[in-house]
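Engineer: Structure below; questions to follow.
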Amino acid sequence: MYFKLILLFFSFLSLSQVVLADSATLNDGATTTSQQNIDGNDEFLTVTNNSTLNTSATKPANITGDTVSVTIDSGSTITSNTVSIFADDTSDLTISNSGTISASGIVAIDVKGTTDASITNNSGGQISATRNTIRISKSTSNSTTGLTITNSGTIEATNDGSAIFAADSNTTATIINNSSGVMTNSDSSNATIRVGASSSITNSGTIKNDVGNDAIKLYGNNSTITLKDKGIIVGKLDALLRTGSTLKINHGAGQSYFYETEGDFTLKDLDGNQVVKGSAGSVGQGGSETLDELLSYKSLNIRQFLNRYKDTENLYDSNGWGETYSSYLNRDSHASNLALEYDLFNVGANLVSPLENSDFILAFEAGIQDFERDHKINYQNISAGLYFPENKYLLNLDTFIMGGVTLKNGERTILTNTTSSGKLDIDSNYQTFEIHSGFTKTNPKIVPNIGLSGSFSITPSYDESNYFSWRNRKVGNVSLFFTDKYNLMSKNDKKFNLGWTLDLRSLVGNKSQIYSINGTSATYNQVNALTREISLIANLGYEKKITKNGKFTAGISSKNSNQSVKSLSGDLGFKLNF
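Mapping of the sequence shown onto the numbering used here: residues 164 to 741, in sequence order.
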């Protein structure tokens with residue numbers, strides 16, 4: 164009995180030795196120089212515990228069996244002068260690397276005529292060779308099919324080769340480069356990735372070659388490239404002389420990009436952005452799409468200011484009224500409408516000086532419109548006009564008219580394969596001219612006041628420093644609004660009130676805009692859901708008499724709309740002698 168137990172113990176011990184004919188575990192932390200021949204089915208090779216498999220033979224790991232698994236743990240290595248892992252006419256091979264697979268000669272991994280193989284390079288894993296790092300080739304009797312390569316580490320060709328190289332146009336592969344994955348080659352006229360027919364490449368990480376060389380080359384027909392998330396591509400996308408090639412882009416709604424391509428691709432943007440041929444380009448339309456919204460916010464600001472001014476105008480004659488304000492506004496994104504999320508921060512001042520039959524208005528505003536996809540617009544506005552309280556020439560309605568100019572400068576970062584970083588910072592400087600007008604019928608206390616306003620703006624031209632431009636963008640709005648205010652507290656020297664406004668806005672005129680990406684024209688059509696807005700505004704106001712002839716006011720307003728717009732603003736006002 165004891166003899167049998169001792170015999171069984173030594174049998175298990177023999178399985179952990181460094182060199183085995185079939186399955187093997189290398190775990191002693193030393194360098195092993197014997198070739199590992201994995202020639203049976205359902206066998207394995209594991210290199211762990213900071214071990215190294217490095218043999219003078221061409222193939223340190225020589226795999227000819229089916230359903231074989233090869234595992235290299237973190238800190239461990241398989242390396243050679245030529246081919247480090249060689250699989251020939253196998254099926255269901257699994258290679259999982261968290262350590263290092265390298266070849267100072269030709270190839271780190273060669274899958275020759277394999278079927279349904281899987282190579283996973285985990286985060287921190289390194290696979291490198293001086294030529295073609297992972298080679299996909301055809302055996303005498305069989306093309307490689309069903310290969311899946313998933314990379315979260317680094318796959319690198321250090322000389323004139325490819326990180327992944329299809330030697331035959333009939334080989335197929337699925338390549339997934341995750342967000343932490345990097346695939347590169349060095350100073351190479353060869354593509355970083357070359358795949359055969361009916362293959363697919365999905366990139367969320369980094370695939371780099373030199374600018375002007377190929378990052379990805381489709382070596383067969385009917386293959387697909389998908390660019391996702393914030394993934395970086397440096398180098399051309401090449402489908403020259405191939406048919407059925409598809410380029411899918413999934414960077415998110417509103418993300419701007421420009422990719423240089425060669426050959427004929429079918430272009431698809433999976434987020435609904437409009438992709439323009441002449442290579443492949445798209446641009447977030449926030450700068451032009453939201454012009455009507457910003458116009459309506461400005462009109463609403465003017466109307467609310469005039470309401471506050473009217474409440475104070477009978478304080479005493481021949482003196483002006485001034486206020487400062489600040490506001491924050493957020494609009495949520497809407498994928499089906501291609502509405503981009505943005506935050507709007509602004510500060511400003513409104514001033515009024517009474518004239519003989521009207522009041523002169525002067526307004527200043529500065530702000531930042533910050534979109535979700537690396538696009539920001541800074542602006543400064545100055546406007547001036549006249550206010551006619553109880554205009555006797557227009558049915559005693561309160562009327563106003565104002566005109567102004569907004570100076571804007573934009574900053575945008577686009578994804579592109581034409582720079583060494585895979586990104587490009589571009590800028591723009593342009594002007595928008597606008598006019599606002601409206602009237603309000605003041606009703607008895609139990610009936611809300613009602614009014615109608617209109618706004619119009621024109622942006623003569625827009626040019627970014629690279630790729631994107633448009634001309635003569637005209638925008639018009641009409642708003643029907645109801646408003647009222649209730650005094651919650653009223654004493655000789657102070658008041659506290661609650662007010663509300665219901666605003667129904669609609670864009671009028673042309674909803675389309677012709678624009679250009681790298682000289683190729685396209686048309687953007689603003690959907691109806693983005694041209695009509697119903698807004699409800701609630702505000703609290705406080706005013707206090709601070710001198711015999713002076714008054715201080717403060718207020719806060721909150722807004723919500725059917726376009727998922729929420730805002731909060733505050734104002735401070737003073738009765739002043741100008």
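Glycine included, every Cβ here is placed at the ideal spot set by N, Cα and C.
1. Under 8 Å by Cβ, that's how I've got D506 and D533 pegged, so tell me the actual separation to the nearest angstrom.
2. Does DSSP put G449 in a helix, in a strand, or in coil?
3. In the structure shown, what three-state DSSP assignment does D455 receive?
4. So E597 packs on S620, CB below 8 Å; how close in whole Å?
5. From V270 to T277, what distance separates their C-alpha atoms?
6. Is S306 helix, strand or coil by DSSP?
7. Which runs of the alpha helix (DSSP H) spanning at least 4 residues fall entirely within the stretch 633–721, listed in chain order?
8. Could you tell me if K654 is buried or exposed, where buried requires 16 or more neighbouring beta carbons within 10 angstroms of its beta carbon?
9. Apply the 10 Å Cβ neighbour rule to A378 and answer buried if 16 or more other Cβ atoms are within range, or exposed otherwise.
10. Taking F421 as the reference, give the member of L403, I395, S408, L404 with the closest Cα.
11. Nearest-angstrom Cα distance between S304 and S351?
12. Under the assumption that T335 contacts L310 (Cβ atoms under 8 Å), give the Cβ distance between them as a whole number of angstroms.
13. What number of angstroms, rounded off, separates the C-alpha of G375 from the C-alpha of T308?
14. If you draw a straight line from the C-alpha of N353 to the C-alpha of T453, how long is it?
15. Would you kindly work out how many angstroms separate the C-alpha atoms of A184 and A224, rounded to a whole number?
16. Among I282, M565, F428, which one has its Cα closest to the Cα of L469?
17. Determine whether the beta carbon atoms of S445 and N436 lie at a separation below 8 Å.
18. Report the rounded CA-to-CA distance for G614 versus S521, giving the unit in angstroms.
19. Can you find the residues in the same chain that come closer than 7 Å, C-beta to C-beta, to S286, ignoring five residues on each side of it along the sequence?
20. Taking C-alpha atoms, which residue in E456, S247, D647, N509 lies nearest to V728?
21. Under 8 Å: do the stretch 396–407 and the stretch 355–371 share three or more Cβ pairs, one atom per stretch?
22. State the Cα-Cα distance for the pair R298 and S349, rounded to the nearest angstrom.
23. Tell me which residues share the same chain as N725 and place their Cβ nearer than 6 Å to its Cβ, disregarding the 5 neighbours each side in the sequence.
24. For D252 and S302, which I take to be in contact (beta-carbon distance under 8 Å), what is that distance rounded to the nearest angstrom?
25. For K722, is the classification buried or exposed, using 16 other Cβ atoms within 10 angstroms of its Cβ as the cut-off for buried?
26. Out of H497, L458, D666, A266, which has the shortest C-alpha to C-alpha gap to L216?
27. Looking at the structure shown, is S243 part of a helix, part of a strand, or coil, going by DSSP?
Structural biologist: Taking the structure as given:
1. Residue numbering aside, residue 506 sits at position 343 when the sequence shown is read from its first letter. Residue numbering aside, residue 533 sits at position 370 when the sequence shown is read from its first letter. Confirmed, Cβ separation roughly 5 Å.
2. Within the sequence shown, residue 449 is the residue found at index 286, counting from 1. In this structure, G449 counts as helix in the three-state DSSP scheme.
3. As a first step, residue 455 is located in the sequence shown; it is residue number 292 there, counting from the start. The answer is helix: DSSP assigns D455 an H, G or I state.
4. Counting from 1 along the sequence shown, the entry for residue 597 is found at position 434. Counting from 1 along the sequence shown, the entry for residue 620 is found at position 457. The distance from the Cβ of E597 to that of S620 is about 4 Å, consistent with a contact at the 8 Å cut-off.
5. Here residue 270 corresponds to residue number 107 of the sequence shown, with the count starting at 1. Here residue 277 corresponds to residue number 114 of the sequence shown, with the count starting at 1. Each residue's Cα considered, the two are about 16 Å apart.
6. Position 143 of the sequence shown holds residue 306. Coil at S306, not helix or strand.
7. none
8. Looking up residue 654 in the sequence shown gives position 491. With fewer than 16 other Cβ atoms within 10 Å, it is exposed.
9. Walking along the sequence shown from the start, residue 378 turns up at place 215. That one is buried.
10. Walking along the sequence shown from the start, residue 421 turns up at place 258. With distances taken between Cα atoms, F421 lies closest to I395.
11. What you label residue 304 is simply residue 141 of the sequence shown in a count that begins at 1. What you label residue 351 is simply residue 188 of the sequence shown in a count that begins at 1. Answer to the nearest angstrom: the Cα atoms are 31 Å apart.
12. Mapped onto the sequence shown, residue 335 falls at position 172. Mapped onto the sequence shown, residue 310 falls at position 147. Confirmed, Cβ separation roughly 7 Å.
13. Your numbering for residue 375 matches position 212 in the sequence shown. Your numbering for residue 308 matches position 145 in the sequence shown. Taking the Cα positions, G375 is about 30 Å away from T308.
14. For the purposes of this step, residue 353 is taken as residue 190 along the sequence shown, with counting starting at 1. For the purposes of this step, residue 453 is taken as residue 290 along the sequence shown, with counting starting at 1. Each residue's Cα considered, the two are about 44 Å apart.
15. Within the sequence shown, residue 184 is the residue found at index 21, counting from 1. Within the sequence shown, residue 224 is the residue found at index 61, counting from 1. In this prediction, A184 scores a pLDDT of 44, lower than 50, which makes its location untrustworthy; the coordinate-derived value is nonetheless stated afterwards. Put simply, the backbone Cα of A184 is about 11 Å away from that of A224.
16. For the purposes of this step, residue 469 is taken as the residue at position 306 of the sequence shown. Nearest option by C-alpha distance: M565.
17. Position 282 of the sequence shown, counting from 1, holds the residue named residue 445. Position 273 of the sequence shown, counting from 1, holds the residue named residue 436. Cβ distance < 8 Å, so S445 and N436 count as in contact.
18. The residue labelled residue 614 in the question sits at position 451 within the sequence shown. The residue labelled residue 521 in the question sits at position 358 within the sequence shown. Those two C-alpha atoms are separated by around 19 Å.
19. Working through the sequence shown from its first residue, we reach residue 286 at position 123. These residues qualify, in order along the chain: S315, G316, S343.
20. Within the sequence shown, residue 728 is the residue found at index 565, counting from 1. Per the C-alpha coordinates, the member of E456, S247, D647, N509 positioned closest to V728 is E456.
21. yes
22. Residue 298 sits at position 135 when you count from the first residue of the sequence shown. Residue 349 sits at position 186 when you count from the first residue of the sequence shown. Rounded to the nearest angstrom, the two C-alpha atoms are 17 Å apart.
23. For the purposes of this step, residue 725 is taken as the residue at position 562 of the sequence shown. Once the five neighbours on either side are set aside, the close Cβ partners of N725 are I697.
24. To locate residue 252, count along the sequence shown from 1; it is residue 89. To locate residue 302, count along the sequence shown from 1; it is residue 139. The pair is a contact, with the Cβ atoms about 5 Å apart (cut-off 8 Å).
25. As a position in the sequence shown, residue 722 is number 559, starting the count at 1. K722 comes out buried.
26. Within the sequence shown, residue 216 is the residue found at index 53, counting from 1. The residue with the shortest Cα to Cα distance from L216 is A266.
27. The residue labelled residue 243 in the question sits at position 80 within the sequence shown. The answer is strand: DSSP assigns S243 an E or B state.
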